[in-house]
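Written out below as structure tokens is the structure these notes cover.
Pasting the structure below:
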């Protein structure tokens, strides 16, 4: 185990009807709120009205900005920053999924940043402060409700970059799995693929002696997969969604990655798919992850045998480790299919001519700074092209 | 899963040489510190000197109060409160194990409480504020380094009571497992029994549909047990101690108990053993836990089959659930013995004449208010006597 630091101060309020508490929960921090959301879904499910009522009851005034789209855009972030400055907003409240939350985080950072907020995502400036923010989650996936991470797409440059800082951990996160029960099947697949990837990025490591975090990763992967299948059978199953939702929170709140080197190559590659063709993040991850596994597993086959046995339940002879690993990956692919995901880039309308550009962007080579990606096995742009080819 | 709320704001800094950071870490909160500890061990291991140096380097002044003993005494808490008030202390820093931390928490509460701090432990007054406090941990066991709990013994009344509030979660917890490598074997056993009990108290529940927290409890139990045996073989094994230490933190920081009813009968019973005969808390728990399991398992045998299979690795036929459960409990007893623990009350010098008084105190009957204890199966005083008899 490596030395580590972790601090997860977000107050998590989880369960049925918890949305009504938002006003009282953020009252200590908020005088004037920016209410930030996507489209009509928060209105359709009643959350928009519940939120307004709760804010009003707590005597908190607010302005609002809707219109967040999946792979949230920098242009709306700029708009939000301007609005907050003009209106004297001191708190940002996101209601929605990971996109609304990530966009809200970018606004919270941008209000307190002197220059262009994109510079922070582009590693050209440091975050020094952010408005406090809170979240009411409607889609389990991104884990952004408790994380110190945000990903934003600069649609002009065609780049999707992430940033991380404890300064953008929400002070309050309300998670009511009742909202999940009205999602379409596709959102289950996208969400679960993202949740599992958040765990995989931490789980697959060359760091040894990590029994506690290994075990937590494995048990949460098993719990999420079991319950995702229950959701796929009956999308109104509250209890199953509650497990998926809780798994999604812990997957990305930091605790599964403590004391171990992490990978993050699949996320790095996927951001290029999303930036290139506006692919749903989870859809891209489901395509890339099995291919990545096949490409890298020989770097530390024991880690992948452990995955196949402890997570995917492969029980055959241990004398053929490659066979065990490939069976584990094959079971993961079958699982993805069962929750409605596709397994090839062509099904995402991404063809080979685009591979080299995307690979070079993911690894930095495109910008003349090839740093590579991935902690488990460092991938240069040719590696990434090879992985894209494995799933074409 | 039940609705729940959780907030764990403690900044955890974990690993080798981390003690030197204490001054810088608490500087934002502390002008004048009470340095609180037990006996000579913190001096022997160099921590006392390292702490003083780090505080001095950060420009933080301090007064000190040593003398905390296992099952920390109310009289020293009173002394600490007086000292803090006299010296204008605004921050409490505990260096040591769970006893030093629990005593420090009581002092932090008492300084801010108008009346007698014991009233808060005795449920006669509410906590409304506490000085901020931090911890450098030297013994993994109590989980007090990140928890909102404190247990103190009123030696005059012969009562050992606990209290819980998010107000007493440390703002900073430094955990350097190097300190654990110089502990005697007995401390391994006491610590591991306490860590496992913190998980058991949350794990054994009648709440259904808790896959994620079930899985986390089970994986951490397995990880702690595996590494405790490695420590028992070689008490200088840093990596194994790091796993035990991390397991101990997560066991009691609250995350394993979210969304589920909890039990806490073994802790309630054990507090009477400790109050009666100054038994080490972990020693008492190791005696009581298997007996409690035998007494209550029929209330929900499937929960105990799951424990036997998923935690203790019992793999025989599922057609004889009682057999599986008893084999699981027997393996737990064997494990306790391997890490140096005893399994009978007589070995702790507690004989039958004391059982009734202790049972009546644990359940409230002694004070004319028999509320019973335990969420898995509610135990009245006769039940507790029966459990004591099972381990006499």
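Chains as they are written, first to last, in the numbering used here: chain A, 69 to 460; chain B, 69 to 460. In this text, a Cβ means the ideal position worked out from N, Cα and C, and glycines have one as well. Just so we're clear, the structure is a prediction, and the values are computed from it rather than from any experiment.
Looking only at its own chain, which residues have a Cβ that is under 6 Å from the Cβ of residue i, when we skip the five neighbours before and after it?
i	result
residue 253 of chain B	408
residue 246 of chain B	84
residue 152 of chain A	102 and 179
Taking residue i as the reference, give the member of the options with the closest Cα.
i	options	result
residue 321 of chain A	A/217, A/226, A/329 and A/147	A/217
residue 70 of chain A	B/74, B/82 and B/71	B/82
residue 346 of chain A	A/228, A/311 and A/237	A/228
residue 452 of chain A	A/444, A/439, A/443 and A/427	A/427
residue 220 of chain B	B/257, B/450, B/260 and B/174	B/174
residue 222 of chain A	A/144, A/279 and A/433	A/144
residue 284 of chain B	B/319, B/255 and B/262	B/319
residue 411 of chain B	B/458, B/387 and B/443	B/458
residue 179 of chain A	A/102, A/109, A/288 and A/215	A/102
residue 271 of chain B	B/286, B/262 and B/258	B/286
residue 172 of chain A	A/134, A/182, A/208 and A/196	A/134
residue 230 of chain B	B/450, B/187, B/80 and B/96	B/187
residue 241 of chain B	B/366, B/91, B/301 and B/279	B/91
residue 445 of chain B	B/215, B/201 and B/363	B/363
residue 356 of chain B	B/413, B/371, B/110 and B/348	B/413
residue 456 of chain B	B/249, B/333 and B/127	B/333
residue 146 of chain B	B/104, B/403 and B/116	B/104
residue 96 of chain B	B/249, B/239 and B/341	B/239
Looking at the secondary structure, which residues open and close the beta strand (DSSP E) in which residue i lies?
i	result
residue 348 of chain B	Element bounds for residue 348 of chain B: n/a, residue is neither H nor E.
residue 204 of chain B	201-205
residue 227 of chain B	227-232
residue 281 of chain A	No beta strand (DSSP E) contains residue 281 of chain A, which is instead part of the alpha helix (DSSP H) from 279-301.
residue 164 of chain A	159-164
residue 220 of chain B	217-222
residue 101 of chain A	100-104
residue 241 of chain B	240-243
With a threshold of 7 Å on Cβ separation, who are the neighbours of residue i within its own chain once the five nearest residues in sequence on each side are excluded?
i	result
residue 155 of chain B	100 and 131
residue 376 of chain B	382, 392, 393, 395 and 396
residue 420 of chain B	460
residue 118 of chain A	87 and 88
residue 380 of chain A	396, 399 and 400
residue 343 of chain A	221, 226, 227 and 228
Hey, quick one: how far does the alpha helix (DSSP H) through residue i stretch, first residue to last?
i	result
residue 77 of chain A	Element bounds for residue 77 of chain A: not the alpha helix (DSSP H) but the beta strand (DSSP E), 72-82.
residue 110 of chain B	109-112
residue 260 of chain B	253-271
residue 431 of chain A	423-431
residue 130 of chain B	Per DSSP, residue 130 of chain B belongs to no alpha helix (DSSP H); it is in the beta strand (DSSP E), 129-133.
residue 306 of chain A	306-320
residue 374 of chain A	369-378
residue 450 of chain B	449-458
residue 250 of chain A	Counting along the chain, residue 250 of chain A falls outside any alpha helix (DSSP H), and DSSP gives it neither H nor E.
With 16 other CB atoms within 10 Å as the buried threshold, where does residue i fall?
i	result
residue 225 of chain B	exposed
residue 122 of chain A	buried
residue 191 of chain A	exposed
residue 141 of chain B	buried
residue 331 of chain B	buried
residue 385 of chain A	exposed
residue 435 of chain B	exposed
residue 304 of chain A	exposed
residue 461 of chain B	The structure shown does not extend to residue 461 of chain B, since chain B spans only 69 to 460, so no value can be given for it.
residue 450 of chain A	exposed
residue 237 of chain A	buried
residue 255 of chain A	buried
residue 257 of chain A	buried
residue 276 of chain A	exposed
Pull up the CB-CB distance for residue i and residue j, whole angstroms please, since I reckon it's below 8 Å.
i	j	result
residue 72 of chain B	residue 327 of chain B	5 Å
residue 265 of chain A	residue 335 of chain A	7 Å
residue 298 of chain A	residue 243 of chain A	With a Cβ gap of about 18 Å, residue 298 of chain A and residue 243 of chain A do not count as contacting.
residue 203 of chain A	residue 169 of chain A	5 Å
residue 212 of chain A	residue 166 of chain A	5 Å
residue 74 of chain B	residue 80 of chain A	5 Å
residue 424 of chain B	residue 432 of chain B	About 14 Å separates the two Cβ atoms, so there is no contact after all.
residue 279 of chain A	residue 311 of chain B	5 Å
residue 338 of chain B	residue 352 of chain B	4 Å
residue 349 of chain A	residue 262 of chain A	6 Å
residue 163 of chain A	residue 185 of chain A	Not a contact, Cβ separation roughly 21 Å.
The ligand ADP and residue i: does the residue's C-beta get closer than 7 Å to at least one heavy atom of that ligand?
i	result
residue 221 of chain A	The ligand ADP is not part of the structure shown, which contains no ligands of any sort.
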